[in-house]
Amino acid sequence: MTLQRTKWISHLVLLVYVAVVLYPLLFVFNSSFKGNSEIVLRPWSLPETFQWDNYVNAFSSSHIGTYFLNSLYVSGLSTIIGILLATGIAYAVTRMKFPNVSKLVYGALLLSLLIPPVSLLIPLYIMIKDMGLYNTPFALLVPYTAFGIPLSVFIIAAFLKSVPKELEEAGIVDGLTVYGLLGRIVLPLTTPTLVTVFILNFMNHWNEYIMANLFLSSQSLRTLPVAVVQFMDKFNMNYGALCASVMISCIPVMIVYAALQRKIIEGVTAGSVKG
4 MTLQRTKWIS HLVLLVYVAV VLYPLLFVFN SSFKGNSEIV LRPWSLPETF QWDNYVNAFS
64 SSHIGTYFLN SLYVSGLSTI IGILLATGIA YAVTRMKFPN VSKLVYGALL LSLLIPPVSL
124 LIPLYIMIKD MGLYNTPFAL LVPYTAFGIP LSVFIIAAFL KSVPKELEEA GIVDGLTVYG
184 LLGRIVLPLT TPTLVTVFIL NFMNHWNEYI MANLFLSSQS LRTLPVAVVQ FMDKFNMNYG
244 ALCASVMISC IPVMIVYAAL QRKIIEGVTA GSVKG
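Next up, the structure:
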């Protein structure tokens, strides 16, 4: 009976937690179909009539579609480049015969996880200005890629440590080079982990606001989080249209996460137990 009661209480706590987490999202989704007066007077009620114009205005009047593509391009490309670099680094620190150097590189990458990116904004801004990258896509591609590498290396290296070295030794006997081992053995084996790393980095890059707002001044290059903030002033606090733009920015990430959430768990736990 005690075990059953404990189980019931734990389920109740989890249910309350899920309700608390989902409530803001459901509130924004519900408000995206309302007008200003209805949101203010009846914030928790369902829409009397669905205001689809909020979504139309978000795409037509504020060019959300352009900002959406900018975010997709910057987030996707920086994530892919970061994964390729992180895979090579993780393979080097776990397999190459330079134990002291490998430990130093691995330790430096882990130490960098303790440094918040916000603390590096000023030197990073100066560096980007001096390199002539300001107000170009590279102003986000370079820092996004760099900041995503440490966590990616940590996850990929944890998995590679559990992969038997005999597989690579067999590949070497067959005449594979280092690049052949990476392409034909390591990458196929680490697919669940790479999917996890891709999703985590993509979500971080997609939602990033501070660097996107600081390093880009051209409207045509703005990303979606910056556009959503500007959306408030442009429409003079049109709350319905603002909520619609927030939902547009959230839906792709939610779809990707919901479709691949099992891969995330598999990838995170893949290197926790050696086989």
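Add 3 to a position in the sequence shown, counting from 1, and you land on the number used in the working numbering. By construction, the Cβ of each residue, glycine as well, lies at the ideal position given by its N, Cα and C atoms. Since this is a predicted model, take the numbers as computed values, not measurements.
Straight-line Cα distance separating residue j from residue i
| i | j | result |
| --- | --- | --- |
| I339 | L49 | No answer is possible for residue 339: the residues shown for the chain start at 4 and end at 278. |
| V24 | N33 | 15 Å |
| V256 | V176 | 43 Å |
| I188 | V19 | 45 Å |
| L197 | F150 | 16 Å |
| T193 | I159 | 7 Å |
| S252 | A142 | 21 Å |
| V231 | L107 | 42 Å |
| T148 | P27 | 31 Å |
| G174 | Y182 | 11 Å |
| L72 | A262 | 21 Å |
| N103 | V156 | 17 Å |
| I67 | C246 | 13 Å |
| V166 | R45 | 57 Å |
| S74 | P120 | 19 Å |
| M214 | G186 | 33 Å |
| A161 | L179 | 24 Å |
| F238 | S63 | Only weak support is given to the placement of F238: the predicted model assigns it a pLDDT of 49, under 50, and the value that follows is read from those uncertain coordinates. One C-alpha to the other measures close to 13 Å. |
| L88 | I12 | 45 Å |
| G110 | T52 | 57 Å |
| I254 | G38 | 21 Å |
| V21 | I118 | 31 Å |
| M134 | I83 | 23 Å |
| K1 | P195 | Past the boundaries of the shown model lies residue 1; the chain is included only from 4 to 278, so the question cannot be answered. |
| K10 | W47 | 32 Å |
For residue j and residue i, believed in contact at Cβ under 8 Å, the rounded distance
| i | j | result |
| --- | --- | --- |
| V77 | L184 | Wrong, their Cβ atoms sit about 31 Å apart, outside the cutoff. |
| P153 | S115 | 5 Å |
| Y128 | T226 | The Cβ separation is near 17 Å, so there is no contact. |
| I136 | L217 | With the sequence shown as reference, residue 136 is identified as Leu, and Ile is not the correct amino acid for it. So it is not a contact: roughly 12 Å between Cβ atoms. |
| L15 | P140 | So it is not a contact: roughly 48 Å between Cβ atoms. |
Neighbourhood of residue i by C-beta distance below 8 Å, restricted to the same chain and skipping five residues each side
| i | result |
| --- | --- |
| S221 | N138 |
| R98 | L163, K168, E171 |
| L113 | P153, F157 |
Test item: CB-CB of residue i and residue j under 8 Å
| i | j | result |
| --- | --- | --- |
| L163 | A93 | yes |
| P228 | N241 | no |
| M250 | V59 | no |
| A61 | S248 | yes |
| S40 | N57 | no |
| I86 | V200 | yes |
| Q54 | G243 | yes |
| H208 | S81 | yes |
| G79 | F205 | yes |
Cβ neighbours of residue i in the same chain (closer than 7 Å, five flanking residues each side left out)
| i | result |
| --- | --- |
| L170 | I188 |
| I42 | S34, Y242, G243 |
| I131 | Y137, A142, F218 |
| Y212 | P228, V229 |
Beta-carbon contacts of residue i that lie in its chain and below 6 Å, excluding the five residues immediately before and after
| i | result |
| --- | --- |
| L17 | none |
Any non-hydrogen atom of the ligand ZN closer than 7 Å to residue i Cβ
| i | result |
| --- | --- |
| D56 | As for the ligand ZN, it is missing from this structure, which has no ligand bound. |
- Item | Every unbroken alpha helix (DSSP H) within the segment 193 to 270, with a cutoff of 4 residues, ordered by chain | Counting only runs of 4+ residues, the alpha helix (DSSP H) found wholly inside the segment 193 to 270 occupies 194 to 210, 213 to 218, 227 to 237, in chain order.
- Message: Just to confirm the assignment: which complete alpha helix (DSSP H) runs, minimum length 4, are found wholly within the segment 90 to 138?
- Response: 102 to 115, 124 to 133
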